[in-house]
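Written below as structure tokens is the structure these notes are about.
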Amino acid sequence: MKKFFLIAAIFFQLSALLWMALSREYVVQTGKVVKIQTAPVDPRDLFRGDFVRLDYDLSSLPASLLEPHLADRKLKKGQVLYVTLQQDSRELVKAGSVSDSRPDGNVLFVRGRLLSDWVRNKYNASTLSVKYGIEQYFVEQGKGIAIENRRGRRNELQTPMIMQVALSDSGTAIIKEHEWGDFGVKLTVKSQPERDADISVASAVLQLEIKNVSQRKLTLPLKPDTCSFRMQSIKTAPEKLVLHKENCDQLSSENEVFNPGDSRIFTFDLNQPHWHVWYKNELTPMGKLPWGYRFRLVYEEPPEYLNGDIVSQAFHGRGQID
Amino acid sequence: MKNPHAWLKKELPHWIQDGVIDSEQAGQILSRYPERHSLSWGKILISGFGAIMVGLGVILLFAYNWDAMGRFSKMSVILGALAITHFFAFRTRLGNHHLSESLFILATMLFGAGIWLVAQIYHIDEHYPNAFLLWGFAALLLAWVLPSLPQAILTVGLVMIWHFSEALDFDFATHHALVLILIGLFPLIWRLQSPILARLVSASFFVSLGLATATVDERLSASVLLLVAACLIFFSFWSASQANGWFSHTGQELAKPAWLVFAGMLFLMSFGDISDDLIRVRFNEPVESLYFYLPLILSQLLFLWLMLKRQFSIITFVVEFSVLLVVAPSIFDIYPVHLYTLIFNLLLLGLSIGLIYQGSHYADARKMVWGSLIFTVLVFARYTDLFDSLISRALAFLIVGAVLFFAGTVLNRNRNRDRQDSP
Chain A
1201 MKKFFLIAAI FFQLSALLWM ALSREYVVQT GKVVKIQTAP VDPRDLFRGD FVRLDYDLSS
1261 LPASLLEPHL ADRKLKKGQV LYVTLQQDSR ELVKAGSVSD SRPDGNVLFV RGRLLSDWVR
1321 NKYNASTLSV KYGIEQYFVE QGKGIAIENR RGRRNELQTP MIMQVALSDS GTAIIKEHEW
1381 GDFGVKLTVK SQPERDADIS VASAVLQLEI KNVSQRKLTL PLKPDTCSFR MQSIKTAPEK
1441 LVLHKENCDQ LSSENEVFNP GDSRIFTFDL NQPHWHVWYK NELTPMGKLP WGYRFRLVYE
1501 EPPEYLNGDI VSQAFHGRGQ ID
Chain B
132 MKNPHAWLKK ELPHWIQDGV IDSEQAGQIL SRYPERHSLS WGKILISGFG AIMVGLGVIL
192 LFAYNWDAMG RFSKMSVILG ALAITHFFAF RTRLGNHHLS ESLFILATML FGAGIWLVAQ
252 IYHIDEHYPN AFLLWGFAAL LLAWVLPSLP QAILTVGLVM IWHFSEALDF DFATHHALVL
312 ILIGLFPLIW RLQSPILARL VSASFFVSLG LATATVDERL SASVLLLVAA CLIFFSFWSA
372 SQANGWFSHT GQELAKPAWL VFAGMLFLMS FGDISDDLIR VRFNEPVESL YFYLPLILSQ
432 LLFLWLMLKR QFSIITFVVE FSVLLVVAPS IFDIYPVHLY TLIFNLLLLG LSIGLIYQGS
492 HYADARKMVW GSLIFTVLVF ARYTDLFDSL ISRALAFLIV GAVLFFAGTV LNRNRNRDRQ
552 DSP
């Protein structure tokens, strides 16, 4: 009898390890593969030991994505959430809606857990912090630095990392491997407003450099001036704002060729009235908005062959870049 | 004498042979001195810790995470190593017990390494304390089925790491840790008959209890820790009178950490401002009532039992008085802070003097040391509260020094007397 229990205890150890590995391997082999672009963040916090800490746009979801029955409820830390995913033709996914129950039908979704208690109130930033279990990417000792260098540092050219993720039927996500975006992005401040500047010069002038960091020749459709970019509020902003420059829709794009290493700089003067934002019932320069209102510049019409989106680091209208 | 059982086992046949006692009496004498499974620290250091170090080495080796080694190769190596280690541990368990025990420890370490390796291969960033729970559960299973003291000690360590990481990193109360210790580890003390495990499990239970209650509400911890300590102390008083020598001995071992916690809580309560914060439990959630009333009821039942069986001493009443003192403000919501502070100080003073007296009178150095320690700490704690002038402070230290010096002299004299009296 004792022998039986001993063999059972040994079997437990072996089978627990096998089950852990095989259940993940099954997802890797059979799961639906999607690509999730990591968010450009301050790379100083990325490494701990020999893994890369990853932050996704999916990690911070606007509360507006919550299904109506959840919107006014208190959600507790650790709550399981199901985030439906909208996949574009390049397999890159973006969040659709957020629910506490598994979506029905043939919907693509990922399962995560809420990182902190959430309740809607006027002080609370309406953002849900969600963890999916794919926030660490282990690499061989010493290779982390190479990845860090390629991702770039603050005030340097940063190349987006795109994670290939396998999704199981239950929404479990497992990282398969990583890819690099085709374009690196560098955001710098050309001029910053004085502390008590007049309202007409209360915002910063920013420069966005995009550079072909791939090994192939790329063609990018670009509209005149900065019309190919939109301004999009992120994470901590209490409301989702998307700003476009006026009359851009009427303009047509022209293809511009970027050989490997080619770059182009775009200048954004945030003092221009078309970048002003409705805040407390009046049009306000971005530099006068509270600190929670931060934005990214997003390239609007990525062609199908482009690996990764062209997205800038987050910044505040006064010119503080994350 | 460190191990009277072994000595008696050797001597008793001669006594029977010489007609001093008969075999039935020999059996009765032997049962009064239970066999102590002394821990061979040499063996533990060489084999147990050796196995742990090898296991940690394997974890670090895989942490290098070679790109050249595919995930199937990595899994094959760790699973193969685990299977081979278990195979040899199983094969040698009858012929070479110590080697087998070391190999089983190594296997449990390899199992832990395997958990982290799978997490690394598949980039899993989940709730990491669960890995320690699974690892601890695997060690607990082996501790039961072998049975094995090193596996049990490893389990205690892993359960503690699990609970600390849950409480400190995630602010989870994790009441399950207490259930795991109660169901999985306390009965293991009897199975392994190990005094060291008794002390270790008792101490880990108090640590877990403190963590779980503090995560619910810090005010809850002090009262609950004192109540549970009182339960174990009363249990030790009851078990002391039991015919089963091992049972009685284990009761004393379990109560050692309980005494430490009990004195510590009394010491905390002797500070007016601290006890004012800690002593009144607000029963906001049902779990708080459960934590408070369950040990209270249990301690009172044990106290009643001791009274009915007339197994009490002055210490029994001191403990009971402390229990009633601590629970009264929570139940009746009345707390005369100055009176309480005075009583707690007097209780600690009485406890320390009682221990010093017993230690010096019965030549028990351990009691003497504990009594002196409590007495000294108490005087230091009250140094700034009570003594304003330098003369008073100097006088206090002179009295403390004189008391300890006197008690030490009495202890030495009585020890010499005992030595001369012994044949």
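First to last, the sequence lines map onto chains A and B.
Residues 1201 to 1522 (the working numbering) are what the first sequence spells out, left to right.
Residues 132 to 554 (the working numbering) are what the second sequence spells out, left to right.
Even for Gly, the Cβ is constructed at its ideal location relative to N, Cα and C.
Contact set between residue i and chain B, taken where Cβ atoms lie within less than 9 Å
{"i": "M1220(A)", "result": "G245, I246, V249, A250, Y253, I255, L265"}
{"i": "R1224(A)", "result": "V249, I252, Y253, I255"}
{"i": "F1205(A)", "result": "L272, W275, V276"}
Neighbouring residues, chain B, relative to residue i (Cβ below 8 Å)
{"i": "G1296(A)", "result": "Chain B residues near G1296(A): none, gap ~23 Å exceeds 8 Å."}
{"i": "G1231(A)", "result": "Those within 8 Å of G1231(A) in chain B number zero; the least Cβ separation is about 12 Å."}
{"i": "G1333(A)", "result": "I255, D256, E257"}
{"i": "K1202(A)", "result": "V276"}
Chain A contact residues for residue i, given Cβ-Cβ distances below 9 Å
{"i": "D198(B)", "result": "V1339, E1340, K1343"}
Three-state secondary structure (DSSP) of residue i
{"i": "Q282(B)", "result": "helix"}
{"i": "H1378(A)", "result": "strand"}
{"i": "I1465(A)", "result": "strand"}
{"i": "N1455(A)", "result": "strand"}
{"i": "N1355(A)", "result": "coil"}
{"i": "V541(B)", "result": "helix"}
{"i": "I152(B)", "result": "coil"}
{"i": "E257(B)", "result": "coil"}
{"i": "R1494(A)", "result": "coil"}
{"i": "M200(B)", "result": "coil"}
{"i": "L1408(A)", "result": "strand"}
{"i": "D1242(A)", "result": "Confidence at D1242(A) is low in this model, with a pLDDT of 44, below 50, so the placement of that residue is unreliable and no value is reported for it."}
{"i": "K1186(A)", "result": "Nothing in the structure corresponds to residue 1186(A), since chain A is present only between 1201 and 1522."}
Burial state of residue i (16 or more Cβ within 10 Å)
{"i": "R1248(A)", "result": "Caution is warranted here: a pLDDT of 37 is assigned to R1248(A), below 50, making its placement in the model unreliable, and no coordinate value can be reported."}
{"i": "A269(B)", "result": "buried"}
{"i": "M499(B)", "result": "buried"}
{"i": "S204(B)", "result": "exposed"}
{"i": "N1190(A)", "result": "This structure leaves residue 1190(A) out entirely; chain A is present only between 1201 and 1522."}
{"i": "N227(B)", "result": "exposed"}
{"i": "N547(B)", "result": "exposed"}
{"i": "R163(B)", "result": "exposed"}
{"i": "Q1513(A)", "result": "buried"}
{"i": "S401(B)", "result": "buried"}
{"i": "P460(B)", "result": "buried"}
{"i": "N476(B)", "result": "buried"}
Distance between beta carbons of residue j and residue i, contact taken as under 8 Å
{"i": "Q1415(A)", "j": "T1467(A)", "result": "No, Q1415(A) and T1467(A) are not in contact; Cβ-Cβ is about 29 Å, not under 8 Å."}
{"i": "L473(B)", "j": "L397(B)", "result": "With a Cβ gap of about 13 Å, L473(B) and L397(B) do not count as contacting."}
{"i": "V332(B)", "j": "I364(B)", "result": "Not quite, the Cβ-Cβ distance comes to about 16 Å (not below 8 Å), so this is no contact."}
{"i": "L1308(A)", "j": "Q1287(A)", "result": "6 Å"}
{"i": "A308(B)", "j": "V290(B)", "result": "6 Å"}
{"i": "A182(B)", "j": "M240(B)", "result": "6 Å"}
Amino acids of chain A, ordered along the chain, whose beta-carbon sits closer than 7 Å to that of residue i
{"i": "M206(B)", "result": "A1221"}
{"i": "L273(B)", "result": "A1209"}
Partners in chain B for residue i, counting only beta-carbon separations shorter than 7 Å
{"i": "R1496(A)", "result": "The contacting residues do not exist; R1496(A) stays about 24 Å from chain B at best."}
{"i": "Q1336(A)", "result": "H254, D256"}
{"i": "I1375(A)", "result": "H254"}
Residue i: contacting residues in chain A (beta-carbon distance under 8 Å)
{"i": "A238(B)", "result": "I1210, Q1213"}
{"i": "F242(B)", "result": "Q1213, A1216, L1217"}
{"i": "L358(B)", "result": "Those do not exist, as L358(B) stays about 30 Å from chain A at its closest Cβ, beyond 8 Å."}
{"i": "L294(B)", "result": "At residue 294(B) the sequence reads His, which differs from the Leu that was named. Going along chain A, no residue has its Cβ under 8 Å from H294(B), so there is no contact; the nearest lies around 17 Å."}
Any non-hydrogen atom of the ligand ZN closer than 7 Å to residue i Cβ
{"i": "F1211(A)", "result": "Here there are no bound small molecules, and the ligand ZN is not part of this structure."}
Beta-carbon proximity of residue i to residue j, cut-off 8 Å
{"i": "C362(B)", "j": "L421(B)", "result": "no"}
{"i": "G1381(A)", "j": "N1507(A)", "result": "yes"}
{"i": "S325(B)", "j": "L277(B)", "result": "no"}
{"i": "S1433(A)", "j": "E1500(A)", "result": "no"}
{"i": "L482(B)", "j": "A360(B)", "result": "no"}
{"i": "I1410(A)", "j": "V1385(A)", "result": "yes"}
{"i": "V510(B)", "j": "V531(B)", "result": "yes"}
{"i": "V1252(A)", "j": "Y1337(A)", "result": "yes"}
{"i": "A238(B)", "j": "H258(B)", "result": "no"}
{"i": "K1331(A)", "j": "R1354(A)", "result": "no"}
{"i": "V1298(A)", "j": "V1310(A)", "result": "no"}
{"i": "S339(B)", "j": "A345(B)", "result": "no"}
{"i": "V1547(A)", "j": "A1373(A)", "result": "There is no way to answer for residue 1547(A), as the model of chain A reaches only from 1201 to 1522."}
{"i": "S1453(A)", "j": "L1422(A)", "result": "yes"}
{"i": "V1413(A)", "j": "T1359(A)", "result": "yes"}
{"i": "F193(B)", "j": "A244(B)", "result": "yes"}
{"i": "W247(B)", "j": "I190(B)", "result": "yes"}
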